[in-house]
Amino acid sequence: MSFLTPTRRSTATLRCDAGLLYEILTDYDSYVEWLPRISQSKSLATEGDLAIAEFHLANAKKDRWVVECIHTRNKMVLWRTIEGKVPVTQVEWTMEPAGEGQSRVSLAVERRFQWSNLLPGTGKFLNTPAVLKSLQGQVSSFLPEIALADEEGEKILELAETEEGVVCWIRGKKYVLKETSPDSV
Amino acid sequence: MIKAVINVTAPRQQVFSILSDYPNYKHWVPGCERCNVTSSSGNTSDTEIIISSMKRIELGVRFEAQPGHALNFRMTKGKDLKAYSGTYRLMDSTDGTGTVVIAELEIEVGMMVPKFMVDKMTRKMMDDTGVALRKYIASAPAPARAAAPAARPAAAAKRRRARQILRVTKTAAGYNVWLLGETFAVKNPGG
Numbered sequence: 001m002s003f004l005t006p007t008r009r010s011t012a013t014l015r016c017d018a019g020l021l022y023e024i025l026t027d028y029d030s031y032v033e034w035l036p037r038i039s040q041s042k043s044l045a046t047e048g049d050l051a052i053a054e055f056h057l058a059n060a061k062k063d064r065w066v067v068e069c070i071h072t073r074n075k076m077v078l079w080r081t082i083e084g085k086v087p088v089t090q091v092e093w094t095m096e097p098a099g100e101g102q103s104r105v106s107l108a109v110e111r112r113f114q115w116s117n118l119l120p121g122t123g124k125f126l127n128t129p130a131v132l133k134s135l136q137g138q139v140s141s142f143l144p145e146i147a148l149a150d151e152e153g154e155k156i157l158e159l160a161e162t163e164e165g166v167v168c169w170i171r172g173k174k175y176v177l178k179e180t181s182p183d184s185v
Numbered sequence: 001m002i003k004a005v006i007n008v009t010a011p012r013q014q015v016f017s018i019l020s021d022y023p024n025y026k027h028w029v030p031g032c033e034r035c036n037v038t039s040s041s042g043n044t045s046d047t048e049i050i051i052s053s054m055k056r057i058e059l060g061v062r063f064e065a066q067p068g069h070a071l072n073f074r075m076t077k078g079k080d081l082k083a084y085s086g087t088y089r090l091m092d093s094t095d096g097t098g099t100v101v102i103a104e105l106e107i108e109v110g111m112m113v114p115k116f117m118v119d120k121m122t123r124k125m126m127d128d129t130g131v132a133l134r135k136y137i138a139s140a141p142a143p144a145r146a147a148a149p150a151a152r153p154a155a156a157a158k159r160r161r162a163r164q165i166l167r168v169t170k171t172a173a174g175y176n177v178w179l180l181g182e183t184f185a186v187k188n189p190g191g
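These protein sequences, in sequence, are chains A and B. Be aware that the first sequence starts at 1, since it is given in my numbering, and climbs by one per residue. Be aware that the second sequence starts at 1, since it is given in my numbering, and climbs by one per residue.
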């Protein structure tokens, strides 16, 4: 680490097993749902523990950012920038068990010096505490029983993705939704 | 080392065949005037290449192939460059529509040329090569052009755990809306 290429780190303890974290962190098509400042995400290729993923930033130019990813199941996900004008060279996620039903996840983002880093707002891209907070939100969507355990009141509407497809409950009545093309009425 | 990712809508084996067909480089590699194979043994081939770009460069290049997977190359002789080496790694695209080529190239010119300029030139060469490769595959005669594989259905490609998307709960104070991990309280305006 140096002044010009600083590494930012954050750690959080989440109420889930490392396996769920690993699944979320290697599901590159779904990063768009939770990683801040991303407008598109896609897995380009996967082979064993290697993957190539592509992100489009949510800036005016929709800048493309391509990373090569190395996975160590339930332990580590490492990205190295291949292409893109982003001030990040490497992103390392590590996860480890932290007691009953909990995991500790760490995020280290190694930045590259470029003059545009001095512009206001640039440092917000892959801001480690914000990213971990978003990850926590994504985790809780897979474990709603934790997030919603204490909730009181009448359930009016629920929507969930299941093996059956998207399932909707309206006041306890279950409906299975079918996907249609955007053009169909 | 400059890296680039090239998406090609052709099967991996076909892309590999094109990349390892050295004498035909002159038909698609930007600036390549000639590429002669001088010797070949197993998966290793020695070539003599002439590239006309900002200046005319002659160099000997050794290619080492891992059929269907990767192609490494490095300069073995030449006076115009100090070093020239790289790799093409090939992977099947996740959506099943073709091949992803991860290209790596390192050039050292050995003169008083700033590294950022060499890197910029190298980046442009790789981008141009990607465009040329896609164009060459698209223009290949029909019998030689293998059909691009059909896209893999999204459902078959990925199975996900069940997850909650939305929950709206009516409470005494109004409604609680839980959306993808975030909770929003909507107060009853009359309450």
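Glycine included, C-beta positions come from ideal geometry on N, C-alpha and C. Remember, it's a predicted structure, so these values are computed and weren't measured experimentally.
Assuming residue i contacts residue j (C-beta within less than 8 Å), just tell me the rounded distance between them.
i	j	result
B:M126	A:I52	Actually they do not touch by this definition, with Cβ atoms about 15 Å apart.
B:R134	B:V8	6 Å
A:I156	B:V186	Going by Cβ atoms, the distance from A:I156 to B:V186 rounds to 11 Å, so no, they are not a contact pair.
B:G68	B:R12	6 Å
A:V109	A:T7	7 Å
B:G31	B:I51	5 Å
B:V15	B:T99	5 Å
Report the partner residues of residue i according to the DSSP bridge assignment.
i	result
B:M54	None, per the DSSP bridge assignment.
A:W79	A:C69, A:V91
B:V15	Answer is none; B:V15 lacks a bridge partner.
B:M75	B:V61
A:S106	A:T11, A:T94
B:N176	B:T169, B:A185
B:C32	B:I51
B:N7	B:V100
A:K174	A:W169
A:T46	A:A51
Who are the Cβ neighbours of residue i in its own chain at under 7 Å, not counting the five residues just before and after it?
i	result
A:L44	I52, A53, E54
A:E164	V176
A:V131	L35, P36, L107
A:T180	none
A:R64	E54, H56, E83, G84
B:C35	Y22, P23, Y25, K26, T47, I49
B:A70	T87, Y88, R89, L90
I need the DSSP call for residue i, collapsed to helix, strand or coil.
i	result
B:N24	helix
B:M1	coil
B:T122	helix
A:E54	strand
A:R64	strand
A:G137	helix
A:R112	coil
B:D46	strand
B:K135	helix
B:K115	helix
A:E179	coil
B:D95	coil
A:E158	strand
A:V131	helix
B:V109	coil
B:V37	strand
B:A83	strand
For chain B, check one thing: does any of its Cβ atoms lie closer than 9 Å to the Cβ of residue i?
i	result
A:G99	no
A:T46	yes
A:A55	Residue identity differs from the one stated: residue 55 of chain A is Phe in this sequence, not Ala. A:F55 does not count as touching chain B.
A:G137	yes
A:L78	no
A:W34	yes
A:G172	no
A:S106	no
Let me see if you follow: with CB-CB separation under 9 Å, is residue i close to chain A or not?
i	result
B:Y88	no
B:K187	no
B:L105	no
B:L166	yes
B:D92	yes
B:V5	yes
B:G31	no
B:I18	no
B:V100	yes
B:L180	yes
B:T9	no
B:K170	yes
B:A238	Past the edges of chain B, shown from 1 to 191, lies residue 238 of chain B, and the structure says nothing about it.
B:Y175	yes
Which residues in the same chain as residue i place their Cβ atom closer than 6 Å to its Cβ, once the five residues preceding and following it in sequence are excluded?
i	result
B:L180	none
A:T94	M76, S106
B:N72	E64, T87
Considering only residues of the same chain and omitting the five flanking positions on each side of residue i, which have a CB-CB separation below 8 Å?
i	result
B:L81	I57, L59, M75, I107, E108, V109, G110
B:V37	Y22, P23, S45, D46, T47
B:K253	Examination of residue 253 of chain B is not possible in this model, given that chain B is present from 1 through 191 alone.
A:G172	K155
B:M112	none
B:D119	I2
Using 9 Å as the limit for Cβ to Cβ distance, is residue i near chain D?
i	result
A:T162	You won't find chain D in this structure, because its protein chains are A and B.
Let me check you understand the geometry: is the CB of residue i closer than 8 Å to at least one non-hydrogen atom of the ligand FAD?
i	result
B:M121	Among the components modelled here there is no ligand, and therefore nothing to report on the ligand FAD.
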